[in-house]
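J.:
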DNA sequence: TCCGGTAGGTGACGAAGGTCACAATAAGCA
DNA sequence: TGCTTATTGTGACCTTCGTCACCTACCGGA
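Chains as they are written, first to last, in the UniProt record's numbering: chain P, 1 to 210; chain X, 1 to 210.
(1) Would you be able to state if there are at least three C-beta pairs under 8 Å between the region 144-162 of chain X and the region 57-73 of chain X?
(2) Can you find the residues in the same chain that come closer than 7 Å, C-beta to C-beta, to residue 204/X, ignoring five residues on each side of it along the sequence?
(3) I'd like the list of long-range same chain contacts for residue 47/X, defined as Cβ closer than 6 Å, with 5 residues on each side in sequence excluded.
(4) To test your reading of the DSSP string, which unbroken beta strand (DSSP E) runs of 3 or more residues are found completely within the UniProt domain "HTH crp-type" (145-210) of chain X?
(5) Of the residues that make up the region 162-196 of chain X, which ones have a beta carbon closer than 7 Å to any beta carbon in chain P?
(6) Residue 92/P and residue 138/X - do their beta-carbons sit closer together than 8 Å?
(7) Per DSSP, what kind of secondary structure is residue 72/P in: helix, strand or coil?
(8) Give me the Cα-Cα distance between residue 16/P and residue 196/P, rounded to the nearest whole angstrom.
(9) Could you have a look at residue 13/P and say whether DSSP puts it in helix, strand or coil?
(10) Please list the partners that residue 138/X has in chain P, where partner means a Cβ-to-Cβ separation under 9 Å.
(11) For residue 115/X, go through chain P and note every residue whose CB falls closer than 7 Å to its CB, in chain order.
(12) Going along the chain, which residues of its own chain have a beta-carbon closer than 6 Å to the beta-carbon of residue 95/P, five neighbours each way excluded?
(13) Looking only at its chain, what residues have a beta carbon closer than 6 Å to the beta carbon of residue 58/P, apart from the 5 residues adjacent to it on each side?
(14) Could you give the DSSP three-state label for residue 1/X: helix, strand or coil?
(15) According to DSSP, simplified to helix, strand and coil, what is residue 67/X?
(16) Are any of the Cβ atoms in chain X nearer than 8 Å to that of residue 76/P?
(17) Residues bridged to residue 46/P by DSSP?
(18) Compare the C-beta of residue 57/P against all C-beta atoms of chain X and say whether one is closer than 8 Å.
(19) Beta-carbon of residue 60/X versus every beta-carbon of chain P: anything under 8 Å?
(20) Going straight from the alpha carbon of residue 162/P to that of residue 192/X, what length do you get?
(21) Which word fits residue 42/P, buried or exposed, when buried means at least 16 other C-beta atoms lie within 10 angstroms of its C-beta?
(22) Closest to residue 73/P by C-alpha separation, out of 24/P, 125/P, 9/P, would be which residue?
(23) Between which two residues does the beta strand (DSSP E) harbouring residue 96/X extend?
(24) Does any CB atom of chain P fall closer than 8 Å to the CB of residue 128/X?
(25) Establish whether the CB of residue 121/P and some CB of chain X are separated by less than 8 Å.
(26) For residue 1/X, count neighbouring Cβ atoms within 10 angstroms of its own Cβ and tell me buried if that reaches 16, exposed if not.
(27) Tell me which residues share the same chain as residue 126/P and place their Cβ nearer than 6 Å to its Cβ, disregarding the 5 neighbours each side in the sequence.
(28) Would you tell me roughly how many angstroms separate the C-alpha atoms of residue 26/X and residue 97/X, rounded to the nearest one?
(29) Against residue 105/P, what residues of chain X qualify as contacts under a CB-to-CB distance less than 7 Å, listed in chain order?
(30) Using beta carbons (cut-off 8 Å, strictly below), is residue 152/X in contact with chain P?
(31) Would you kindly work out how many angstroms separate the C-alpha atoms of residue 19/X and residue 120/P, rounded to a whole number?
(32) Would you tell me roughly how many angstroms separate the C-alpha atoms of residue 116/X and residue 180/P, rounded to the nearest one?
(33) So, is residue 158/P buried or exposed, given that buried needs 16 or more other C-beta atoms within 10 angstroms?
(34) For residue 170/X, which residues in the same chain have their Cβ closer than 7 Å to its Cβ, ignoring the five residues on either side in sequence?
(35) Let me know the secondary structure DSSP gives residue 131/X once reduced to three states.
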């Protein structure tokens, strides 16, 4: 795993802020598939992604998990900001999809820096903005689109984020993330294969043309 | 319409900021059912609600409108902040449901105040937070719940926001806002009436017990 | 090589919800 | 009062999607 430094990942931050992050932030590591946070958990810190890759899910009471968006190195979890600040339970679940390192910023620093560093308050706002857009786009899909379009969008996102046409995943997992069922996903994938959009393998999907 | 002053609506703002808003903001009035912003429009300002009531919708390409949440006096449109700052087209539509007055803050002031007034940057972040939560709850409903639950939630929200058990609306409009069809809504409402949850009238619904 | 486990394929069926056609009311107005 | 229009009610039918049952293909280890 390549080590990325704070200055590299957050070049817009003031030198002083970068130093504070390095000194006061607590680095935590997660293995692939490990959960960074669980639904119902309380937050006492917000987290910046250093390296790896994280997926953010919404869960309902029955444990269904619904994939919302990816978090990449250099990004922060907007939800952890919301929850930390409001002393509320987390309403989402975050899972590492690669081995991942994050740096945790305690709540009191987060607040303090808001007044102290312009680049920090700008970063926080930009983070909200970006996630806001993602959520809107998610709403679009589930409100207006059918499962076929949503599946295609899901694969496209995966392809772009992982920068590969070879997706290692099984149908059941996709079904979980789209809050659907394995059979439905299998059928739709088969149809897409017939249209020449992709090729199906065991435990893997090869994207041809979406 | 009662006139609410800036200090009354935004008591947390510094005196100086309140004065700037009064001096530099541009007050605009909208009649009931008038659109405050349309999908595809560019923003050059953000808007604070002074009085009245605003509904925020997401629209798709075919003109279907999907109700997301209410904005009340003292609140701001988070989306207008996003869009204004990113020079992006609006992805949402806002409609006055009562006669409404807003005060428009030009983009450059919005940015300037971020550094100048702590209460302003706090306000902006709180606004994002609140809308973020609304969106998450919206996603929950459309991802995990059936139309029956969503209809009930919709009526509950209306009841709470308007502080009345007498809702003046027809079935077609509800269907539009939930991205469903009139017949489905009529059937579900009828069922709810049979359960004693409400009473149906022409152009109106009387809520008994939700 | 055999066997068990996992992944994927398929048909049958049902529920939810969208669509169409048309009937029944009620409100408004000439 | 009678006509017109907007609103609501209803049955038939279709599509999408979830579920169940069961089958097939493949992989990996004993």
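Even glycine gets a Cβ: it sits at the ideal position worked out from N, Cα and C. Nothing here was measured: the structure is a model prediction, and the numbers come from that model.
T.: Here's the rundown:
(1) A contact between stretches requires three or more CB pairs, one per stretch, nearer than 8 Å, and the region 57-73 of chain X meets this requirement with the region 144-162 of chain X.
(2) Indexing the second chain from 1 puts residue 204/X at position 204. For residue 204/X, same chain residues with a beta-carbon under 7 Å away, outside a window of 5 residues either side, are 166, 167, 168 in chain order.
(3) Here residue 47/X refers to the residue found at position 47 of the second chain. Residues 77, 80, 102, 104 of the same chain have their beta carbon placed closer than 6 Å to that of residue 47/X, with the five preceding and five following residues left out of the count.
(4) Counting whole runs of 3 or more residues, the UniProt domain "HTH crp-type" (145-210) of chain X contains the beta strand (DSSP E) stretches 198-201, 204-207.
(5) So the close ones are 179.
(6) In the second chain, residue 138/X corresponds to position 138, counting from 1. In the first chain, residue 92/P corresponds to position 92, counting from 1. Contact flag unset, no.
(7) Within the first chain, the letter at position 72 stands for residue 72/P. Residue state, collapsed to three classes: coil.
(8) Here residue 16/P refers to the residue found at position 16 when the first chain is read from its first residue. Here residue 196/P refers to the residue found at position 196 when the first chain is read from its first residue. Residue 16/P and residue 196/P: Cα-Cα distance of roughly 53 Å.
(9) Numbered from 1 along the first chain, position 13 holds the residue referred to as residue 13/P. Of the three classes helix, strand and coil, the one that applies to residue 13/P here is coil, per DSSP.
(10) Here residue 138/X is taken as the residue at index 138 of the second chain, counted from 1. Within 9 Å Cβ-Cβ: 135, 139, 143.
(11) For the purposes of this step, residue 115/X is taken as the residue at position 115 of the second chain. Correct list: 118.
(12) Looking up residue 95/P in the first chain gives position 95. The answer, listed in chain order, is 35, 55.
(13) Your numbering for residue 58/P matches position 58 in the first chain. Cβ neighbours of residue 58/P beyond the five flanking positions: 66, 68, 92.
(14) Translated into the one-based positions of the second chain, residue 1/X becomes position 1. Since pLDDT at residue 1/X reaches only 48, below the 50 mark, its modelled position is unreliable, and the value read off the structure follows with that caveat. In this structure, DSSP gives residue 1/X a state outside helix and strand, which the three-state scheme calls coil.
(15) Locating residue 67/X in the second chain gives position 67, where the first residue counts as 1. Strand.
(16) Looking up residue 76/P in the first chain gives position 76. The Cβ of residue 76/P sits no closer than 8 Å to any Cβ of chain X.
(17) Taking the first residue of the first chain as position 1, residue 46/P is located at position 46. Looking at the DSSP assignment, residue 46/P forms a beta bridge with 105/P.
(18) Start at 1 with the first residue of the first chain, and residue 57/P comes out as number 57. Answer no: the Cβ-Cβ gap between residue 57/P and chain X never drops below 8 Å.
(19) Taking the second chain and counting its residues from 1, one reaches residue 60/X at position 60. Answer yes: the Cβ-Cβ gap between residue 60/X and chain P drops below 8 Å somewhere.
(20) Numbered from its first residue, the first chain carries residue 162/P at position 162. Numbered from its first residue, the second chain carries residue 192/X at position 192. So the two alpha carbons sit approximately 47 Å from each other.
(21) Numbered from 1 along the first chain, position 42 holds the residue referred to as residue 42/P. Label assigned to residue 42/P: exposed.
(22) One-based indexing of the first chain puts residue 73/P at position 73. Closest by alpha carbon: 9/P.
(23) Here residue 96/X corresponds to residue number 96 of the second chain, with the count starting at 1. Counting along the chain, the beta strand (DSSP E) containing residue 96/X begins and ends at 92-96.
(24) As a first step, residue 128/X must be located in the second chain, where it is residue number 128. Cβ-Cβ to chain P under 8 Å: yes for residue 128/X.
(25) By one-based count along the first chain, residue 121/P stands at place 121. With 8 Å as the cut-off, residue 121/P counts as an interface residue toward chain X.
(26) Residue numbering aside, residue 1/X sits at position 1 when the second chain is read from its first letter. The pLDDT assigned to residue 1/X is 48, lower than 50, so where the model puts this residue is not dependable, and the model offers no usable value.
(27) On the first chain, position 126 is the one that residue 126/P refers to. A distance below 6 Å between beta-carbons, with the five flanking residues on each side excluded, links residue 126/P to no residue of its chain.
(28) Indexing the second chain from 1 puts residue 26/X at position 26. Indexing the second chain from 1 puts residue 97/X at position 97. About 21 Å.
(29) Taking the first chain and counting its residues from 1, the one referred to as residue 105/P is at position 105. Contact annotation for residue 105/P against chain X: no contact, minimum CB-CB distance about 15 Å [criterion: below 7 Å].
(30) The residue you call residue 152/X lines up with position 152 of the second chain. Cβ-Cβ to chain P under 8 Å: no for residue 152/X.
(31) In the second chain, counting from the first residue as 1, residue 19/X sits at position 19. In the first chain, counting from the first residue as 1, residue 120/P sits at position 120. Going by the C-alpha atoms only, they are around 27 Å apart.
(32) Stepping through the second chain from its first residue, residue 116/X is reached at position 116. Stepping through the first chain from its first residue, residue 180/P is reached at position 180. If you take the alpha carbons of residue 116/X and residue 180/P, they lie about 48 Å apart.
(33) Reading the first chain from its first residue, position 158 is the one you call residue 158/P. Under a 10 Å Cβ-count criterion, residue 158/P is classified as buried, with 16 or more other Cβ atoms of the shown protein chains found around its own Cβ.
(34) Position 170 of the second chain, counting from 1, holds the residue named residue 170/X. The answer, listed in chain order, is 203.
(35) Position 131 of the second chain, counted from the start, is the residue given in the question as residue 131/X. In the structure shown, residue 131/X sits in a helix (DSSP, three-state: H, G or I).
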